[in-house]
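In this text, residue positions in the sequence shown follow UniProt numbering: the first is 1, and each later residue adds one. Glycine included, every Cβ here is placed at the ideal spot set by N, Cα and C. Every value quoted in this text rests on a predicted model; they were computed, and no experiment measured them. To keep things clear, I will list the structure first and then write my remarks on it.
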Amino acid sequence: MGQKAHLHSKQRNSPESIQNRYEWVKKWEQTDMDYMSNCVFLDESAFHINLKRTMAWSERGTRAEVIVPVTRTNTTAILGAVSVWGIINVQVRIPGASVKKRKIGGGSGKTLDVLDKDDRFKGFYIIMDNAPLHTADDIERYIIQQGYRCVYLPPYSPELNPIEQFWHVVKSKLKRERLLSDENLTSRIADACNSVLYSDLEGSARYSVNKFEACLNKQPL
């Protein structure tokens with residue numbers, strides 16, 4: 001799903017990738033990791049639009065708070081974190097920042113700050129792909145030190161990350177109407193995030209869970 005999956009379609013279903021997914025599911029099904037109850041899914045997505053602000057955790061029935069202005073850019077990378085409990089964090093990636101600053105001082109750091117404020121999230125699994133942005137050793141150490149567990153998805157496996165469908169929904173909502181100003185865009189992104197229902201997030205997680213059987217049967221995704 002999406003451009004990234006299309007570009008990597010051959011690698012995604014190569015014998016090596018199929019084997020990696022099989023081993024990944026076999027490993028994690030022996031633990032208490034449960035997409036439907038104790039996982040937070042992190043990912044970065046590119047928005048080919050001008051984006052001005054960041055948003056953070058929004059409880060049911062509340063709006064995502066607009067908090068930090070950033071520099072305008074034609075293509076904007078957004079760092080996000082979601083779970084079946086709701087949207088944890090959505091923010092603009094600051095251009096030019098180092099990996100450590102972007103993730104520990106930025107994306108994952110702010111995500112963990114949000115999680116720390118709610119006891120229900122303590123000990124959750126933080127699920128990420130294996131992109132260099134996510135796999136620096138200090139990032140994993142930081143996540144563990146904060147009392148969470150770090151899980152890297154096998155390569156070329158977007159179907160196993162429910163946040164991929166979250167990005168699809170948000171982008172589809174943004175494309176429905178022309179954006180006339182930065183402020184209009186800021187509110188539109190907040191609206192798009194807030195309009196993603198809990199049932200949508202649960203459905204996205206269940207979609208990925210349903211792919212586990214295909215992985216165990218060594219079927220292509």
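Judged by DSSP secondary structure, V151 falls within the beta strand (DSSP E) whose first and last residues are R149 to Y152. When DSSP reads this structure, Q91 sits in a beta bridge with L79. For Y125, the enclosing beta strand (DSSP E) starts and ends at Y125 to M128. Annotated three-state conformation of E44 is strand, per DSSP. A Cβ-Cβ separation of about 5 Å places L153 in contact with D129 under the 8 Å criterion. Contact annotation, P155 with S17: C-beta distance approximately 6 Å; criterion of less than 8 Å satisfied. Out of V82, W28, Q145 and Q219, the CA that lies nearest to the CA of V169 is found in V82.
Linking V40 to D32 through their CA atoms gives a straight-line distance of about 14 Å.
One alpha carbon belongs to R188, the other to L174, and they sit about 7 Å apart.
At the C-beta level, F124 and N217 stay beyond 8 Å of one another. Contact between V209 and Y22 fails: their C-beta atoms lie close to 16 Å from each other, not under 8 Å. By the Cβ-count criterion, K117 is exposed, with fewer than 16 other Cβ atoms from all chains shown falling within 10 Å of its own Cβ.
If you draw a straight line from the Cα of I127 to the Cα of S172, it comes to about 24 Å. In this structure, V114 is the residue among W167, N161 and V114 with its C-alpha nearest to the C-alpha of Y148.
In the same chain as W28, and ignoring 5 residues on each side of it, the C-beta atoms closer than 8 Å to its own belong to V151, in chain order.
Here G203 is not bridged, per DSSP, to any residue. Measuring C-alpha to C-alpha distances from S199 to each of V25, G86 and K26 identifies G86 as the nearest. About 5 Å separates the beta carbons of K211 and E159, which is inside the 8 Å limit, making them a contact pair.
CA-CA distance, Q219 to E213, rounds to 9 Å. When rounded, the separation of the alpha-carbon atoms in G109 and I78 is 15 Å. Around the C-beta of D138, fewer than 16 other C-beta atoms lie within 10 Å, and the residue is accordingly described as exposed.
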